[in-house]
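Novice:
Numbering (the working numbering), first residue to last: 2 to 116.
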(Lines of atoms letter the chains of each structure in order from A; the text may use other names.)
(Lines give C-alpha, C1' and ligand atoms only; values in the text may rest on other atoms or scores of the structure.)
Protein backbone atom coordinates (compact mmCIF):
# COMPACT_ATOMS: atom_id res chain seq x y z
CA UNK A 2 0.00 0.00 0.00
CA UNK A 3 1.22 3.43 -0.84
CA UNK A 4 1.34 5.98 1.93
CA UNK A 5 -0.56 9.17 1.35
CA UNK A 6 1.15 12.36 2.45
CA UNK A 7 -0.59 15.69 2.09
CA UNK A 8 0.66 19.14 2.93
CA UNK A 9 -1.38 21.23 5.38
CA UNK A 10 -2.46 23.45 2.49
CA UNK A 11 -3.83 20.45 0.60
CA UNK A 12 -5.70 19.25 3.67
CA UNK A 13 -7.16 22.73 4.24
CA UNK A 14 -8.16 22.96 0.58
CA UNK A 15 -10.30 19.84 0.98
CA UNK A 16 -12.25 21.35 3.88
CA UNK A 17 -14.75 23.95 2.78
CA UNK A 18 -15.70 24.85 6.34
CA UNK A 19 -12.26 26.16 7.30
CA UNK A 20 -12.57 29.93 7.73
CA UNK A 21 -10.31 31.96 5.50
CA UNK A 22 -10.33 34.97 7.82
CA UNK A 23 -8.84 33.12 10.79
CA UNK A 24 -12.22 32.83 12.55
CA UNK A 25 -12.87 36.58 12.85
CA UNK A 26 -16.51 36.19 11.81
CA UNK A 27 -17.12 33.54 14.48
CA UNK A 28 -15.48 35.67 17.16
CA UNK A 29 -17.61 38.64 16.11
CA UNK A 30 -20.77 36.50 16.36
CA UNK A 31 -19.76 35.19 19.80
CA UNK A 32 -19.17 38.74 21.07
CA UNK A 33 -22.54 39.80 19.66
CA UNK A 34 -24.29 36.97 21.51
CA UNK A 35 -22.34 37.79 24.69
CA UNK A 36 -23.35 41.45 24.56
CA UNK A 37 -27.03 40.70 23.88
CA UNK A 38 -27.23 38.18 26.74
CA UNK A 39 -25.33 40.58 29.04
CA UNK A 40 -27.77 43.41 28.31
CA UNK A 41 -30.77 41.18 29.03
CA UNK A 42 -29.14 39.95 32.26
CA UNK A 43 -28.29 43.53 33.32
CA UNK A 44 -31.94 44.47 32.73
CA UNK A 45 -32.98 41.54 34.93
CA UNK A 46 -30.66 42.75 37.69
CA UNK A 47 -32.06 46.25 37.37
CA UNK A 48 -35.58 44.94 37.78
CA UNK A 49 -34.55 42.66 40.66
CA UNK A 50 -33.18 45.52 42.73
CA UNK A 51 -35.62 48.30 41.83
CA UNK A 52 -39.08 46.68 41.68
CA UNK A 53 -41.02 45.43 44.65
CA UNK A 54 -42.10 41.80 44.73
CA UNK A 55 -45.17 41.38 42.58
CA UNK A 56 -46.71 39.25 39.90
CA UNK A 57 -45.47 41.71 37.27
CA UNK A 58 -41.87 41.23 38.44
CA UNK A 59 -42.18 37.45 38.22
CA UNK A 60 -43.81 37.69 34.79
CA UNK A 61 -40.98 39.91 33.53
CA UNK A 62 -38.38 37.46 34.83
CA UNK A 63 -40.12 34.47 33.25
CA UNK A 64 -40.51 36.34 29.96
CA UNK A 65 -36.87 37.44 29.84
CA UNK A 66 -35.73 33.93 30.78
CA UNK A 67 -37.75 32.48 27.90
CA UNK A 68 -36.29 35.08 25.52
CA UNK A 69 -32.76 34.21 26.64
CA UNK A 70 -33.45 30.48 26.38
CA UNK A 71 -34.75 30.77 22.82
CA UNK A 72 -31.81 32.97 21.85
CA UNK A 73 -29.30 30.51 23.33
CA UNK A 74 -30.99 27.55 21.62
CA UNK A 75 -31.08 29.45 18.33
CA UNK A 76 -27.43 30.48 18.44
CA UNK A 77 -25.51 27.76 20.24
CA UNK A 78 -27.60 24.79 19.16
CA UNK A 79 -27.77 26.20 15.62
CA UNK A 80 -31.56 25.91 15.51
CA UNK A 81 -31.79 29.38 13.98
CA UNK A 82 -30.17 28.06 10.82
CA UNK A 83 -32.45 25.03 10.42
CA UNK A 84 -35.50 24.67 8.23
CA UNK A 85 -38.72 26.12 9.61
CA UNK A 86 -40.51 22.77 9.84
CA UNK A 87 -37.88 21.46 12.27
CA UNK A 88 -38.15 24.60 14.37
CA UNK A 89 -41.96 24.27 14.56
CA UNK A 90 -41.75 20.55 15.35
CA UNK A 91 -39.69 21.45 18.41
CA UNK A 92 -41.51 24.65 19.35
CA UNK A 93 -45.11 23.37 19.31
CA UNK A 94 -44.55 20.53 21.85
CA UNK A 95 -42.62 22.95 24.09
CA UNK A 96 -45.55 25.39 24.00
CA UNK A 97 -47.96 22.62 24.96
CA UNK A 98 -45.74 21.43 27.82
CA UNK A 99 -45.45 24.99 29.18
CA UNK A 100 -49.23 25.37 28.86
CA UNK A 101 -49.72 22.08 30.73
CA UNK A 102 -47.37 23.16 33.52
CA UNK A 103 -49.12 26.51 33.88
CA UNK A 104 -52.54 24.85 33.93
CA UNK A 105 -51.43 22.36 36.57
CA UNK A 106 -49.90 25.08 38.73
CA UNK A 107 -52.90 27.39 38.47
CA UNK A 108 -55.56 24.71 38.90
CA UNK A 109 -53.63 22.52 41.33
CA UNK A 110 -54.62 24.58 44.34
CA UNK A 111 -58.35 24.24 43.64
CA UNK A 112 -58.42 20.81 45.29
CA UNK A 113 -57.97 22.52 48.66
CA UNK A 114 -60.91 24.85 47.99
CA UNK A 115 -63.29 21.94 47.37
CA UNK A 116 -62.88 20.48 50.85
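Where is the CB? At the ideal position from N, CA and C, for every residue including glycine.
Out of 52, 45 and 85, state which residue places its alpha-carbon closest to the alpha-carbon of residue 67.
Specialist: Of all alpha-carbon atoms in 52, 45 and 85, the one lying nearest the alpha-carbon of residue 67 is that of 45.
Novice: Which ranges would you report for the alpha helix (DSSP H) in the region 25 to 54 if only whole runs of at least 4 residues count?
Specialist: 25 to 51
Novice: Between residue 93 and residue 80, which are expected to be in contact by the criterion C-beta below 8 Å, what is the C-beta distance as a whole number of angstroms?
Specialist: No, residue 93 and residue 80 are not in contact; Cβ-Cβ is about 14 Å, not under 8 Å.
Novice: Where does residue 21 fall in DSSP's three states?
Specialist: coil
Novice: Would the region 45 to 63 count as touching the region 98 to 108 if we require 3 or more Cβ pairs under 8 Å?
Specialist: no
Novice: Could you have a look at residue 119 and say whether DSSP puts it in helix, strand or coil?
Specialist: Here the chain comprises residues numbered 2 to 116, so residue 119 is not present and cannot be evaluated.
Novice: If the criterion is Cβ atoms closer than 7 Å, does the pair residue 61 and residue 48 meet it?
Specialist: yes
Novice: With DSSP run on the structure shown, which of helix, strand or coil describes residue 110?
Specialist: Residue 110 falls in the coil class under three-state DSSP.
Novice: Measuring only the C-alpha atoms, how far is residue 65 from residue 21?
Specialist: Separation of residue 65 and residue 21 (C-alpha to C-alpha, rounded to the nearest whole angstrom) is 36 Å.
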